[in-house]
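**Q** Mind looking over this structure? Questions follow.
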Amino acid sequence: MAILKIARIGHPVLHQKAAPVDDPAHPEVRALVRDMIETLDDAGGIGLAAPQVHVPKRIVIFFVPGDRENSEGDAVEVDLTVLFNPEIEPVGGEKSLDWEACLSVPEMMGAVPRFAAIRYRWLSLDGETMERTAEGFHARAVQHECDHLDGILYPMRMDDLSLFGFAEEVNRNKDMLAALQPKPRPRPEADL
Ligand code: NI
C-alpha cells in the first residue's frame, strides 16, 4: 500500500486519453486500485481517476457520502465503487449547474453544467459488466471522474468562468453562491 502523488492541471498525464484495462483481476491492477483507495482517503476526496495518479488507464474510484442529494432532494449514498472502462450515456439530456472541485485543481472550485441523469456501464473488479442509473450528485461525480479518462478537467466543461475561483473566496462571496440558488451550498471539500 502506498499513498500516490496526485498530478495537477497542466501535467500531460491529465490531458491525454487513457487506455482501456484488459484484465481488472491482474495483480498489478489490484495493487493500483488499493493504492488509489488509500490515496483518496488520505486526500479527503470522494473520487479519483487513475490518470490523476500518473497512470493513463481507464480506472475510476468514487463514492457518494450520505449527505448528498438527488434532484428531488432525496438523500443518495453510494458505496465505494471501482469502475474499469466506464461508459456514460445521458438520460433525457437535461443539464444542471452545480459546484465542483478536483484534487488535480487544488484550492479551486467552479460551477459546471452536467447531465442531470445518466446511465453508466463498467467492468467490475471481478470482470463482470455492471450497469447503473444515476442522477444529481451521483451523476455529476461519475461524469467528472470519467472525463479524467479523456483528458478533460472540469474547468474545460465550464461555460461561465465568472463562476470559477479559489474555494476560500467563493465560499465567502455571497453573489457567486447566489448565482446557483436555490442549489445546495457548495462544499469545496468535495474534491473529485
Ligand atoms: Ni477531478
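For the sequence shown, the numbering used here begins at 1361 and goes up steadily by one.
No residue lacks a Cβ here, since even glycine has one placed at the ideal position from N, Cα and C.
1. State the DSSP-derived secondary structure class of SER1484, mapped to helix, strand or coil.
2. List the DSSP bridge partners of ARG1428.
3. Once you ignore the five residues that flank ASP1402 on each side, which residues in its own chain have a CB closer than 7 Å to its CB?
4. For a test of your reading of the model: does the CB of CYS1462 fall under 7 Å from any non-hydrogen atom of ligand 1? Yes or no.
5. Would you mind reading off the limits of the beta strand (DSSP E) that contains LEU1540?
6. By Cβ distance below 7 Å, which residues in the same chain neighbour GLN1376 in space, the five residues on each side in sequence not counted?
7. Report back the beta-carbon spacing between GLY1374 and PRO1411 to the nearest angstrom; my notes put them in contact at under 8 Å.
8. Would you check if the segment 1521-1532 and the segment 1473-1488 touch, i.e. whether three or more CB-CB distances between them fall below 8 Å?
9. Residues in the same chain with beta-carbon distance under 6 Å from LEU1485, minus the five sequence neighbours each way, listed in chain order, please.
**A** Judging by the given coordinates:
1. The residue labelled residue 1484 in the question sits at position 124 within the sequence shown. Note: SER1484 maps to coil in three-state DSSP.
2. The sequence position of residue 1428 within the sequence shown is 68, counting from 1. Residue pairing by DSSP places ARG1428 opposite VAL1436 in a beta bridge.
3. The residue you call residue 1402 lines up with position 42 of the sequence shown. Excluding five sequence positions before and after ASP1402, the CB atoms of its chain that fall closer than 7 Å to its own CB belong to ILE1363, given in chain order.
4. Here the question's residue 1462 lines up with position 102 in the sequence shown. Yes - ligand 1 has a heavy atom lying nearer than 7 Å to the Cβ of CYS1462.
5. Taking the first residue of the sequence shown as 1, we reach residue 1540 at position 180. LEU1540 -> no beta strand (DSSP E), and no H or E assigned at all.
6. The sequence position of residue 1376 within the sequence shown is 16, counting from 1. So the list reads PRO1416, GLY1511, once near-sequence residues are dropped.
7. For this step, residue 1374 is matched to residue 14 along the sequence shown. For this step, residue 1411 is matched to residue 51 along the sequence shown. Just to set this straight, residue 1374 is Leu in the shown sequence, not Gly. About 6 Å; that satisfies the 8 Å criterion.
8. Result no; under three Cβ-Cβ pairs closer than 8 Å.
9. As a working note, residue 1485 is residue 125 in the sequence shown. Apart from the 5 residues on each side of it in sequence, LEU1485 sits with its Cβ closer than 6 Å to the Cβ of PRO1384, VAL1442 in its chain, given in chain order.
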